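Step one of this worksheet: look at the structure below.
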Amino acid sequence: KIMAAAPSLRRQWFDLSKDTKKEHAEELLNYWFDLNSVFMNWNTTDVELCKMALEFAFLAHRGQLRRSGEAFITHPIAVAKILAETEMDCDAVVAGLLHDVVEDTIVSFDEIEILFGLNVRKIVEGFTP
Numbered sequence: 191k192i193m194a195a196a197p198s199l200r201r202q203w204f205d206l207s208k209d210t211k212k213e214h215a216e217e218l219l220n221y222w223f224d225l226n227s228v229f230m231n232w233n234t235t236d237v238e239l240c241k242m243a244l245e246f247a248f249l250a251h252r253g254q255l256r257r258s259g260e261a262f263i264t265h266p267i268a269v270a271k272i273l274a275e276t277e278m279d280c281d282a283v284v285a286g287l288l289h290d291v292v293e294d295t296i297v298s299f300d301e302i303e304i305l306f307g308l309n310v311r312k313i314v315e316g317f318t319p
């Protein structure tokens with residue numbers, strides 16, 4: 191679904207499916223385990239949407255580092271985790287995962303809307319200068 195709706199990420203998806211596929215899959219799974227603990231009382235649809243947003247953000251930010259040297263994705267994950275722990279709804283948590291995607295990558299607001307809906311797009315737009 192991501193590749194059909196977000197053509198800007200096709201190259202990243204292709205690169206991910208090459209030699210390092212297993213390594214990146216393990217990294218993504220570790221990030222998911224970190225987030226998953228806050229979704230205990232969520233319905234399956236919302237959990238799946240958050241999982242898709244994590245994968246999308248992971249692909250979009252792939253290769254980007256923070257000044258500390260950590261993978262950039264650690265910041266959006268921390269934001270999403272705080273939002274979930276404060277009992278924000280699914281759209282807010284998804285937007286937390288995606289809040290830097292448009293600003294720092296080639297992803298467009300239209301792609302965000304197609305995949306995650308108008309509400310998420312509006313929240314992300316509110317965070318993007």
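Residue numbers (the working numbering): 191 to 319. For every residue, glycine included, the Cβ atom is placed at its ideal position computed from N, Cα and C. All values reported here derive from a predicted model rather than from experimental measurement.
Sequence-distant Cβ neighbours of A274 in its own chain, meaning closer than 6 Å and more than five residues away, are V228, V283. Contact holds between the segment 282-297 and the segment 232-248, because three or more Cβ pairs, one in each stretch, are under 8 Å apart. Nearest Cα to E293 within the set D279, I272, G316, N309: G316. A261 is bridged by DSSP to L255. Assigned with DSSP and collapsed to three states, V297 falls in coil, not helix or strand.
Collapsing the DSSP output to three states places N309 in a helix.
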